[in-house]
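Student:
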Amino acid sequence: MLRYWTAGESHGKALIALVDGFPAGLTIDTDAIDRDLQLRQGGYGRGGRQKLETDTVDVLSGVWRGETLGSPLALQVINRDYKLERLRELERPRPGHGDLTGAIKYLGTVRGILERASARETAVRVAAGSLAKQLLQKFGIETLGYVVELGGIALPPTPSTEFTAARAQRDASPIYSLCPTGDPTVVAAIDQAASDGDTLGGVLEVRVEGLPFGLGTHAQWDRKLDGRLAQAVMAIQAIKGVEIGLGFEAARRPGSQVHDPIHFDAEHRDGPDLGFVRPTNHAGGLEAGMTNGQPLVIRAAKKPISTLRKPLASIDLDTKSPKGANYERSDVCAVPAAAVIVECVVAFEIAAALIDKFGGDSLAEMQARYQLFHDMALKR
Ligand code: EPS
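When we follow our numbering, the leftmost residue of the sequence shown carries the number 296, and every step to the right adds one.
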């Protein structure tokens with residue numbers, strides 16, 4: 296069973312991800328993890344913090360001579376802007392952040408809540424997910440997250456771009472979209488929001504290719520892969536909605552316009568769909584909580600960051616009198632970063648499902664069992 300937890304405050308000494316159940320025998324490429332960490336720090340609309348930080352991963356345990364041992368991996372990202380002990384308390388909670396609710400729930404300070412609620416914690420979720428991506432690549436599974444809408448402006452992905460080219464296009468876009476013609480309009484909208492003291496949200500899409508049949512199961516609710524993915528994505532800071540395939544649009548169409556017909560094409564026998572080709576992929580690669588040989592397509596809605604330079608109405612927690620919410624240094628827009636984060640948490644859940652199906656002690660055993668299943672499935 297592959298799982299992880301994180302620890303750390305936004306301005307504490309470091310962030311840690313403890314990854315448990317990762318198979319032995321994978322040579323870790325820490326440079327590739329660092330590239331994802333840098334991508335998470337980027338994207339147009341980021342604030343001053345990212346100029347202070349240069350996020351890199353330090354693998355503290357679970358490896359010998361660069362290879363995983365099957366024992367827990369502790370992944371660390373240092374906070375250069377460590378200043379937690381010197382930071383002041385906030386008296387005027389920010390609407391939309393955890394400030395008010397957390398301070399009441401824990402009968403404590405706003406600072407004690409916001410430091411952990413901050414999306415800075417996603418740095419180590421990216422480290423864990425980026426590691427998971429390296430396992431997926433051993434099985435020919437590739438993942439890509441990109442922005443499809445920002446500040447209400449649609450950014451339809453350029454159709455049918457091959458995966459490596461699409462990744463290069465995403466990385467070259469200032470807002471991590473696959474729609475170069477839309478980027479300048481969105482950049483201007485972010486500039487406008489910045490000068491208005493406002494913030495912007497958006498929609499992220501993640502596509503996963505090369506998935507075999509049968510990750511996840513129909514047999515029990517908490518092992519359905521769609522449910523696990525939704526939980527992982529929804530648990531990212533500021534995410535307010537998740538949809539798979541057609542998502543909410545499926546509710547508006549008759550069944551004949553929703554479900555993906557099944558054909559057979561012997562020429563496709565070598566592909567992940569084993570020749571069971573589907574002319575459409577409205578299901579987004581999942582049927583009954585299991586992968587169906589099609590690419591996975593999942594989207595997430597991210598609300599605008601709740602720290603506004605032009606503050607929203609709030610109160611002073613001590614006097615209860617009306618006051619504008621506190622302003623803390625923040626970002627105008629972290630939607631591009633969220634594309635990387637959603638990609639990484641999705642990759643982690645898929646790696647967990649892959650281990651559920653093919654075992655998790657060692658990479659070599661997983662690969663042998665994967666091949667055995669593939670050969671048996673071809674006889675079905
Ligand atoms: C973040 C670092 C934070 C914020 C942002 C995410 O830096 P600081 O608060 O020191 O400026 O930019 O935090 C939030 C969006 C939030 O809700 O708290 C990061 O590294 O991603």
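Each residue gets a CB set at the ideal place from its N, CA and C atoms; glycine is no exception.
1. Shorter than 8 Å, the distance from the beta carbon of L355 to the closest heavy atom of ligand 1, or not?
2. May I ask which residues mark the beginning and end of the beta strand (DSSP E) holding E416?
3. Smallest Cα separation from W300: which of P367, A327, K308 and G307?
4. In or out: L450 buried (at least 16 other Cβ within 10 Å) or exposed?
5. Quick check on the DSSP output: the alpha helix (DSSP H) that includes G397 runs from which residue to which?
6. For L667, report the span of its alpha helix (DSSP H) as first-last.
7. Look up E348 in the DSSP assignment and say whether it is helix, strand or coil.
8. Quick check on this structure: which residue in D613, P599 and D376 has the alpha carbon closest to the alpha carbon of A489?
9. Which class does R298 belong to by DSSP, given the choice of helix, strand or coil?
10. For the beta strand (DSSP E) holding R594, just list the boundary residues, first then last.
11. Taking only the alpha-carbon atoms, compute the straight-line gap between E582 and L520 and give it to the nearest angstrom.
12. Note down, in chain order, each residue of its chain lying with its Cβ closer than 6 Å to the Cβ of G477, except the 5 sequence neighbours on either side.
13. Buried or exposed: Q464, going by 16 or more other Cβ atoms within 10 Å of its Cβ?
14. Return the CA-CA distance between V405 and P590, expressed in angstroms with no decimal places.
15. Return the residue from the list G320, S413, A369 and E386 that minimises the CA-CA distance to R360.
16. Let me know the secondary structure DSSP gives G550 once reduced to three states.
17. In whole angstroms, what separates the C-alpha of G566 from that of Y665?
18. Cutting at 6 Å between CB atoms, please list the residues of its own chain near A633, excluding the five before and the five after it.
Tutor: Concretely, from the data shown:
1. Along the sequence shown, read from residue 1 onward, the residue named residue 355 stands at position 60. Result no, Cβ not under 8 Å from ligand 1.
2. Translated into the one-based positions of the sequence shown, residue 416 becomes position 121. Premise fails: E416 is in no beta strand (DSSP E) and is neither H nor E.
3. Walking along the sequence shown from the start, residue 300 turns up at place 5. Out of P367, A327, K308 and G307, P367 has the C-alpha closest to the C-alpha of W300.
4. Counted from its first residue, the sequence shown places residue 450 at position 155. Buried, because 16 or more other Cβ atoms sit within 10 Å of the Cβ of L450.
5. Against the sequence shown, residue 397 aligns to sequence position 102. In the DSSP annotation of this structure, the continuous segment of the alpha helix (DSSP H) that includes G397 starts and ends at D394 to K400.
6. As a first step, residue 667 must be located in the sequence shown, where it is residue number 372. Where L667 is concerned, the enclosing alpha helix (DSSP H) stretches over L658 to A672.
7. In the sequence shown, the residue the question calls residue 348 occupies position 53. Secondary structure at E348: coil, using DSSP grouped into helix, strand and coil.
8. Reading the sequence shown from its first residue, position 194 is the one you call residue 489. It is P599.
9. To locate residue 298, count along the sequence shown from 1; it is residue 3. DSSP places R298 in strand when its eight states are reduced to three.
10. Taking the first residue of the sequence shown as position 1, residue 594 is located at position 299. Residues L591 to K597.
11. Mapped onto the sequence shown, residue 582 falls at position 287. Mapped onto the sequence shown, residue 520 falls at position 225. Approximately 9 Å, taken between the alpha carbons.
12. Here residue 477 is taken as the residue at index 182 of the sequence shown, counted from 1. A distance below 6 Å between beta-carbons, with the five flanking residues on each side excluded, links G477 to the following residues of its chain, in chain order: L450.
13. Stepping through the sequence shown from its first residue, residue 464 is reached at position 169. The C-beta of Q464 has 16 or more other C-beta atoms within 10 Å across all chains shown, which makes the residue buried.
14. Stepping through the sequence shown from its first residue, residue 405 is reached at position 110. Stepping through the sequence shown from its first residue, residue 590 is reached at position 295. For V405 and P590, the distance between alpha carbons rounds to 42 Å.
15. In the sequence shown, the residue the question calls residue 360 occupies position 65. Measuring from the Cα of R360, the nearest candidate turns out to be G320.
16. Residue 550 sits at position 255 when you count from the first residue of the sequence shown. G550: helix per DSSP, three-state reduction.
17. Working through the sequence shown from its first residue, we reach residue 566 at position 271. Working through the sequence shown from its first residue, we reach residue 665 at position 370. So the two alpha carbons sit approximately 14 Å from each other.
18. For the purposes of this step, residue 633 is taken as the residue at position 338 of the sequence shown. Around A633: L499 and K597.
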